[in-house]
Structures are given as structure tokens and as C-alpha cells.
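In the working numbering, the protein residues as written are 12 to 87. Glycine included, each C-beta is placed from N, C-alpha and C at the ideal position. The structure displayed is predicted, hence computed values, not measured ones. Below you'll find the structure, written out as C-alpha cells, and then a few comments.
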Amino acid sequence: MVTRKLMILCALAASLLFASAALASGTPSIDWWVIGGGGGSVTVGSTSLDGTIGQWVVGSDKSGPIQLGPGFWGGG
């Protein structure tokens, strides 16, 4: 019984510690640039595409009739 209360108390203390650290961290930001190990760009007509080797992208992107599915499994 004492062990269970101690575990609950430790979990509560850890939760408060993590919550206070998250609140003290400030406003999160996501930068638009990436440092990558290579890549390049391609332009066809008025459409251009820039890519970077190792750039992590989640989800797909769509603009008008053009849809881009990035990543290893993006075309599936």
C-alpha cells in the first residue's frame, strides 16, 4: 500500500516537473529552413521544386491541380 502511494506521489511530482518545464520553455517555433546533406531543384515551365536529402516531411502538399507526396512512400 505504501509502495503504491509512493508511486502515485512520484508520478504526480514528475508530471508537475514536466508541466512546469514545458510552460517555462517559451513560445515554440518551426523554422522554414533546413540544413541538409544534398539535394537540388528542378524547374519545368513556371513550376519549381526544391528538395533536400534527409529532409523530414510529414504529409502531402497540394496547390491547385498539383499534389506532392514527399518521402520514401510518398507516391503510394
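Distance between beta carbons of I77 and T58, contact taken as under 8 Å: Residue mapping note: residue 58 aligns to position 47 of the sequence shown, counting from 1. Residue mapping note: residue 77 aligns to position 66 of the sequence shown, counting from 1. About 7 Å separates the beta carbon of T58 from that of I77, a gap short enough to meet the 8 Å contact definition.
Beta-carbon proximity check, D61 vs S71, cutoff 7 Å: To locate residue 61, count along the sequence shown from 1; it is residue 50. To locate residue 71, count along the sequence shown from 1; it is residue 60. No.
Three-way DSSP call (helix, strand, coil) for S31 in this model: Start at 1 with the first residue of the sequence shown, and residue 31 comes out as number 20. Helix.
As assigned by DSSP and simplified to three states, the class of S57: Translated into the one-based positions of the sequence shown, residue 57 becomes position 46. If DSSP states are grouped into helix, strand and coil, S57 belongs with coil.
S26 - DSSP class collapsed to helix/strand/coil: The sequence position of residue 26 within the sequence shown is 15, counting from 1. If DSSP states are grouped into helix, strand and coil, S26 belongs with the helices.
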